Amino acid sequence: MTSSDDVLGFGWELHDDSRGSDKFYRLMVITGLTPLALGLHGSRGQEGQVGLAETCSTAEEALKKVVTKSREKERKGYEASREFTVFYVPSSLTGTASARDNARAIARHFGQYSAQTGTELAKASRIPGPAR
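Going by my numbering, 64 is the number at position 66 of the sequence shown; the sequence numbering is gapless.
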């Protein structure tokens, strides 16, 4: 369920299980007054580390940043494990000062929407914890 306090986001997830690896890279764009480009990476089933957390002047700029990171990872052999997913996140999680701290909570919202809408593929990494 969305509310008037929710902010639109979209994202996708990549996975690499080659050469003994089992890791993901989650990429998200959060729109709103101050758009965010977010990327989390780590081993399958973990919350992940925040590798990208940048505020942008437009959603288009944020999208360019995550697409650049996505292409970099794809060149290294990462493949889609969650397809493009539109999701909503409470605006309380999207403040510029707390973007890095809230990236994992935002990712949980992304994961829930991905599971509900069928964009989660077989190799999708479990996203630990409930969305706040």
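Just so you know, even glycine gets a beta-carbon here, dropped at the ideal spot from N, CA and C.
Being a predicted model, the structure only gives us computed values, none of them experimental.
- For the options 2, 10, 5, the alpha carbon positioned closest to that of residue 119 is the one of 10.
- Following the DSSP letters along the chain, one finds residue 40 in no alpha helix (DSSP H) but inside the beta strand (DSSP E) bounded by residues 34 to 41.
- Between residue 89 and residue 5 a beta carbon distance of about 5 angstroms is seen, short of the 8 angstroms cut, so the two are scored as contacting.
- Look at residue 111 here: in three-state DSSP terms it is helix.
- For residue 35 and residue 50, the gap between their C-alpha atoms comes out near 7 angstroms.
- For residue 76, the closest alpha carbon among the candidates 94, 20, 63, 7 is that of 20.
- In the same chain as residue 121, and ignoring 5 residues on each side of it, the C-beta atoms closer than 8 angstroms to its own belong to 13, 15, 77, 79, in chain order.
- Contact between residue 82 and residue 107 is ruled out by a C-beta separation of about 15 angstroms, above the 8 angstroms threshold.
- If you compare the alpha carbons of 67, 114, 113 with that of residue 38, the shortest gap goes to 67.
- The three-state secondary structure of residue 125, taken from DSSP, is coil.
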